[in-house]
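A.B. asks: UniProt numbering numbers the first residue of the sequence shown as 1 and each following residue consecutively. Yeah, the Cβ is synthetic: ideal placement off N, Cα and C, and Gly gets one too. As the structure is a computational prediction, the values presented were derived from the model and not from experiment.
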Amino acid sequence: MNKKAKNFIPLILFIAVFLLLQNWWRVDLVLNPISTESINEEAVVMYSTNWCPYCRKARLFFRQANIPYTEYDVEKSARAYEEYQRISGRGVPVIVIGDKVVQGFDKQAIRRALADNNP
Numbered sequence: 001m002n003k004k005a006k007n008f009i010p011l012i013l014f015i016a017v018f019l020l021l022q023n024w025w026r027v028d029l030v031l032n033p034i035s036t037e038s039i040n041e042e043a044v045v046m047y048s049t050n051w052c053p054y055c056r057k058a059r060l061f062f063r064q065a066n067i068p069y070t071e072y073d074v075e076k077s078a079r080a081y082e083e084y085q086r087i088s089g090r091g092v093p094v095i096v097i098g099d100k101v102v103q104g105f106d107k108q109a110i111r112r113a114l115a116d117n118n119p
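1) What are the residues that DSSP puts in a beta bridge with Ile97?
2) Looking at the strands, I want to know which residues DSSP matches up with Asp73.
3) Hey, how far is the Cα of Asp99 from the Cα of Glu42?
4) Just the Cα atoms here: how many angstroms apart are Leu114 and Val101?
5) Should residue 151 go down as buried or exposed, given a rule of 16 or more other Cβ atoms within 10 Å for buried?
6) Which value, in whole angstroms, describes the spacing of the CA atoms of Leu13 and Tyr54?
Okay, structure coming up:
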């Protein structure tokens, strides 16, 4: 192996590890699927905004895990904003699963809330 090729190996490994870490939540979803058989749209509610990058991640997570949910935009609906305030929303997304409230996009907290709500 020539010297130029040897110099590229650490760079290639770094890029591979970086990409894996960036997409770890997708790998986790494949390795640890969520049982969605008894989840209905009313069981999972997300309070969001259109511009929020974490709301986008949450939407993608729900879609890839086949989790039905209802979404309310707190900037477009006065009723949604009132509900968001009632549950002490701090930032978006706020995800309500049964009686659990998850502030922000926290995959593990969402998984725990789904497991608690899905006997």
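C.D. replies: A quick look at the data gives this:
1) Beta-bridge pairing links Ile97 to Val44 and Lys100.
2) Ser48
3) Approximately 12 angstroms, taken between the alpha carbons.
4) 11 angstroms
5) Because the chain spans 1 through 119 in this model, residue 151 falls outside it and cannot be assessed.
6) Looking at the two C-alpha atoms, the distance is approximately 28 angstroms.
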